[in-house]
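Chains as they are written, first to last, in our numbering: chain Z, 23 to 364; chain X, 33 to 333; chain P, 115 to 370.
We put the CB at the ideal spot given by N, CA and C, even for glycine.
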Amino acid sequence: MRDTTRHPTSDSAKPGAMPSIRAILTLLGILLLAAVPFIAPSMQLLINLALAKGLAVLGVTVLLRAGQVSFGHALFFGISAYVGAFLMASLPGADLILVLVAGVGGAVVSGLLVGLFVVRYRGIFFGMLNLAFSMIFWSILEKFYHVTGGADGIRLARPSVLGMAMERAGFEAVIFYLSIVLMVVLGWFTLRWFASPVGQIFQTIKTNETRLEYLGLSPRRVLLSGYVLSAALCGVGGSLMALTQGVVTPEYVWWVRSAEMVFIAVLGGAGSVRGAFIGALIYEVVRIYASAFAGDIWQLLLGSFLLVIILFAPGGIMGIADTLIGHRKKSGQRAATAEEAK
Amino acid sequence: MNLTIFLLALFDGISYAALVFIVALGLTLIFGVMRILNVAHGSLYAIGAYVTVSLSGYFLALGFAPVFAFPLMIVSAALVGVALGGPIEWLLLRRIYDKPEVLQLLVTFAVFMILEDVQRLVWGSQPYFEARVLQALGNVTVFGVTYTVYQLILLPLVATGLLLGLRFFLRRTVIGKLILATTEDREAAQSIGIDADRVFLFTFMVGAVLAGLGGALASPTTSILPGMGADMIVLSFAVVATAGLGQIGGAAVAALMIGLGRSFAVYVWPEVAVLVPYLIMVLVLLVRPEGLFGSPVARKI
Amino acid sequence: MSATSTSGTPLLETRDLVIRFGGVTAADNVSMQIEAWRNLAIIGPNGAGKTTFLNICTGWLKPQQGKVFLEGEDISALPPRKIVRRGVARAFQIPQLFTEHTALENLLISAAAREGLRNPLQSLHRIRQRDEMMHLLDLVNCADVADRVVVELSEGQRKLIDIAVALALKPRLLLMDEPTSGVASSQKHEVMEILVGALAEAGVTSVFVEHDMGIVSRYADEVAVWNAGNVQLRGTPEEILEHPDVIRDVIGEEVA
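If you want it as structure tokens, here you go:
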């Protein structure tokens, strides 16, 4: 988040080198998550919600890499969820894959439409216009209750899985492992995308759009490509959340949800793929246990914590972790240090 | 639409526009001078309303006349400016003026989150309603439509007075000129001895007072409940963005457009009334990306 | 001492460009012809409209009157990116680089932009043009700082990389705004030597704004003298440098 922060071209280990500490820790983390239904079944639902949120946070993280923050990305989270719910209502027994594809498709289409408008702006306008769009959708959900169920939302009936009707426990297990698979696949994809020419060009939005234009590229189109990706990731998260909870409400697109995503992204380490998921897991666990005694002041705690991170630990959790395992020297000096080490 | 409904919508729109304008004026002033969009501005508005309701509820219960609520509104606005605006600028914003815009936005957003819960802790989640002052100035009847003097005359007068007063203050007084000089070029202003820190602190407090005053004046016309701050920040941003960030006079025009658009929608198509401000903003920005009165800034290369 | 006449269409041509900022006329009926293969230096006092001219030619500013033609095609209404795509690259007085990327990455991004690379799973560092870009960095004498982040580089290095980024686009025409400003005066000739060599190797025609008369006389094939928003004189370096007006208006200013 700090202006001097420099994201490495690739988060993954250098080719040919021994697997880094980070890669091993990542693998262990994924295995640990996959074991949750066996070693801590009571945590399964909680972790599943955290993974769904983590995917949405990843969407916000993508934009942070271009130096942009959206206070309205819950819009795509919610659109995806509502598309799934409407689909199940009009097509009972539809397949899980169809629900996911339709939901994410809805998020992509709306991301493209909203994106065409908001990529004309940066910084304050970008953040606030996104907020405005999410408020518009929220109002529609609340006001047109005969269609949307209003504040109560609508139920998302359990879809079939590859043509088979599922019992509750089995379905929950399917969604849980699907979430893990999507986390791994989409996390890996996003990492590769960040390191790729398209992704690297996307990240130059943060530093110099004049040069971008003088490379023969349209900064708006470049930003739009990442915007649609971020909307799609939020859409995946929203669909998984709706499938896990079995109901969608306007709360899915409420600004507090968007704020939460930004908060987790900054908490995890703005711009870090792993940070998005680690942040979401920590956030959900803390929230559940804190709600018993701090439910009334939850936003107050979040806000205060956000201030502390921004002012004193702009690298977030991943920044702190990196310092601990010595993976990355002080930001901005990584390349130089690597050069000297040769 | 007959004349009565037309007039009702017109009056609703004008009084609503006046309130939104007062809040947006603070937002755009702070942005114009400090280049910071204060997301917590909506919370300051809400707290202004809460404080007014609490104070006037207390004093009216002691037997004071409803008119006494007017000085209490000013007291509430001043309290918001000094007790909240001051510390926010002094303790937080001062640390981040050299940081990227996105980070500044996040900091004021964090303040917004904190203040939203503070409201709930202090005033609870139950709506408050304290409208006795609304009738204190009586009613006025225009073509058979009866409306309160408070909403139809006082609010627009205050809004106009603030617009003209702020313009006069910025252009004609020494402090106003210091503020404008700092806005133009902070470093140059400092080099000729202007204390930019104090200018920023003062500006932010004035902006916060305007937010608080907007809330105070709005308090008799609406029920005060959690979430009103979130609505207001987005709405006043819509006004400010439609006008062009930092455009004080333009904000008045935009507030009228949005206020009237919304109130007419209430009578014509109530479901979409809350959407109208955003639709107006989006339409304006589609045609003029810098807002109605903003001018594009070409980057020097 | 009129514009050198050559047969055929000029590479870049402007006709009657006019642009005013408030009361200042930064381009006052500028009609210029830039011929291929002849390096043109633009000299003139500050505020004469030299940078404005480059800004108009590349589409950054739209003239209030007049047109710009690239090999006969009217490009007046095009945005910079579309003009760049037609082979006109630009280096800046203040280097415009991706400051959080390394020197090499800046060039790789340039190559990726040129080639339209879209594969989201291929690393930028493994694109085929990497060797070519390393060679280009070498050409501008910056190979040793290839893996340094731009913010850590000296002003002079940034200027050179800014030009290399433009060259990486393989342009036909390169417009440079004071390529040696920010470079220590003892090294200016060395830098120009590197640049001219790189330009010649890449087969690029260049237009450069320059204050240093020594550099102009040595590296330009032609000189245009700017004053008050228009071309006052144009000719070979020898013709121009001996002209009394130039000695008084331009060189005199440099001495003062």
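By the criterion of Cβ-Cβ separation under 9 Å, what are the contact partners of residue i in chain Z?
{"i": "X/R127", "result": "L333"}
{"i": "X/Y310", "result": "A154, F155, M157, I158, S161"}
{"i": "X/M313", "result": "L151, A154"}
Give the DSSP-derived three-state secondary structure of residue i in the structure shown.
{"i": "X/V177", "result": "strand"}
{"i": "P/T86", "result": "Because chain P here runs from 115 to 370, residue 86 of chain P falls outside it and cannot be looked at."}
{"i": "X/N70", "result": "coil"}
{"i": "Z/T31", "result": "Any reading at Z/T31 needs caution, since the residue's pLDDT is 43, under 50, leaving its predicted position unreliable; the model's value is listed next. Reduced to three states, the DSSP call for Z/T31 is coil."}
{"i": "P/W340", "result": "strand"}
{"i": "P/T139", "result": "strand"}
{"i": "X/N171", "result": "strand"}
{"i": "P/L287", "result": "strand"}
{"i": "X/D217", "result": "coil"}
{"i": "P/L154", "result": "strand"}
{"i": "X/T254", "result": "coil"}
{"i": "P/A203", "result": "strand"}
{"i": "P/D130", "result": "strand"}
{"i": "P/L347", "result": "strand"}
{"i": "X/T84", "result": "helix"}
{"i": "P/T319", "result": "strand"}
{"i": "Z/D117", "result": "strand"}
What does residue i touch in chain Z if you count any residue whose Cβ is under 7 Å from its own?
{"i": "P/G199", "result": "The question names Gly, yet the displayed sequence has Arg at residue 199 of chain P. Going along chain Z in sequence order, the residues near P/R199 (Cβ under 7 Å) are G238."}
{"i": "P/V231", "result": "This sequence places Leu at residue 231 of chain P; Val is not what is there. Those within 7 Å of P/L231 in chain Z are P219."}
{"i": "X/V370", "result": "An answer regarding residue 370 of chain X cannot be provided, because it is not within the stretch 33 to 333 covered by chain X."}
Run through chain P and tell me which residues come within less than 7 Å of residue i, C-beta to C-beta.
{"i": "Z/R214", "result": "P234, L235"}
Should residue i be flagged as near chain Z, meaning a C-beta pair shorter than 8 Å?
{"i": "P/F167", "result": "no"}
{"i": "P/T376", "result": "Residue 376 of chain P is absent from the structure shown; chain P starts at 115 and stops at 370."}
{"i": "X/P132", "result": "yes"}
{"i": "P/P159", "result": "no"}
{"i": "X/Y48", "result": "no"}
{"i": "X/V121", "result": "Checking the displayed sequence, the identity of residue 121 of chain X turns out to be Glu instead of Val. Output row for X/E121: interface = no."}
{"i": "P/Q374", "result": "Only positions 115 to 370 of chain P appear in this structure, which leaves residue 374 of chain P out of reach."}
{"i": "X/G257", "result": "Checking the sequence shown, residue 257 of chain X turns out to be Leu, not Gly. Chain Z, which has no Cβ nearer than 8 Å to the Cβ of X/L257, makes this no."}
{"i": "P/P194", "result": "yes"}
{"i": "X/V52", "result": "no"}
{"i": "P/F322", "result": "no"}
{"i": "X/G107", "result": "In the sequence as displayed, the identity of residue 107 of chain X is Val instead of Gly. Taking Cβ atoms only, chain Z never reaches closer than 8 Å to X/V107, which makes this a no."}
Anything in chain Z within Cβ reach of residue i, meaning under 8 Å, just list it in chain order.
{"i": "X/P321", "result": "R142, Y143"}
{"i": "P/L288", "result": "None at all; the shortest Cβ gap to chain Z is about 11 Å."}
{"i": "P/L213", "result": "A small fix is needed here, since residue 213 of chain P is Thr in this sequence, not Leu. Here the neighbours are T229, N230."}
Determine the chain X residues that contact residue i at a beta-carbon separation under 9 Å, and present them in chain order.
{"i": "Z/D318", "result": "D149, R152, L153"}
{"i": "Z/G325", "result": "F141, A142, V143, F144, M145, I146, L147, E148, D149"}
{"i": "Z/L262", "result": "Correct list: empty, because the minimum Cβ distance to chain X is about 25 Å."}
{"i": "Z/F166", "result": "E303"}
Are the C-beta of residue i and some C-beta of chain X separated by less than 8 Å?
{"i": "Z/I61", "result": "no"}
{"i": "Z/F315", "result": "no"}
{"i": "Z/M157", "result": "yes"}
{"i": "Z/G149", "result": "yes"}
{"i": "Z/V130", "result": "no"}
{"i": "Z/V307", "result": "no"}
{"i": "Z/V244", "result": "no"}
{"i": "Z/V169", "result": "no"}
{"i": "Z/I310", "result": "no"}
Residue i and residue j look like a contact to me (Cβ under 8 Å); what is the Cβ gap, rounded to whole Å?
{"i": "X/F215", "j": "X/A228", "result": "Reading off the sequence shown, one finds Thr at residue 215 of chain X, where the question assumed Phe. About 10 Å separates the two Cβ atoms, so there is no contact after all."}
{"i": "P/A141", "j": "P/G343", "result": "5 Å"}
{"i": "X/L324", "j": "X/V285", "result": "7 Å"}
{"i": "X/I280", "j": "X/R199", "result": "7 Å"}
{"i": "P/V310", "j": "P/A278", "result": "The Cβ separation is near 14 Å, so there is no contact."}
Within 8 Å (strictly less), CB to CB, does residue i reach chain P?
{"i": "Z/R233", "result": "yes"}
{"i": "Z/N230", "result": "yes"}
Residues of chain X with a CB under 7 Å from the CB of residue i: which are they?
{"i": "Z/I146", "result": "L69, E133, L137"}
Which bits of chain X does residue i rub up against, with CB to CB less than 8 Å?
{"i": "Z/Q321", "result": "M145, I146, E148, D149"}
field: Residues in the stretch 265-281 of chain Z having any Cβ partner in chain X nearer than 8 Å
entry: W277, A281
- prompt: Taking Cβ-Cβ distances below 9 Å as the criterion, which residues of the stretch 195-228 of chain Z are in contact with chain P?
  reply: F211, R214, W215, A217, S218, P219, V220, G221, Q222, I223, Q225, T226, K228
field: Members of the stretch 76-105 of chain Z near chain X, C-beta cut-off 9 Å
entry: L86, G89, Q90, V91, F93
- prompt: According to a CB-to-CB cut-off of less than 8 Å, which residues of the stretch 268-280 of chain X neighbour chain Z?
  reply: F269, A270, A273, L277
Residues from the stretch 169-188 of chain P in contact with chain Z, defined by Cβ distance under 7 Å: none
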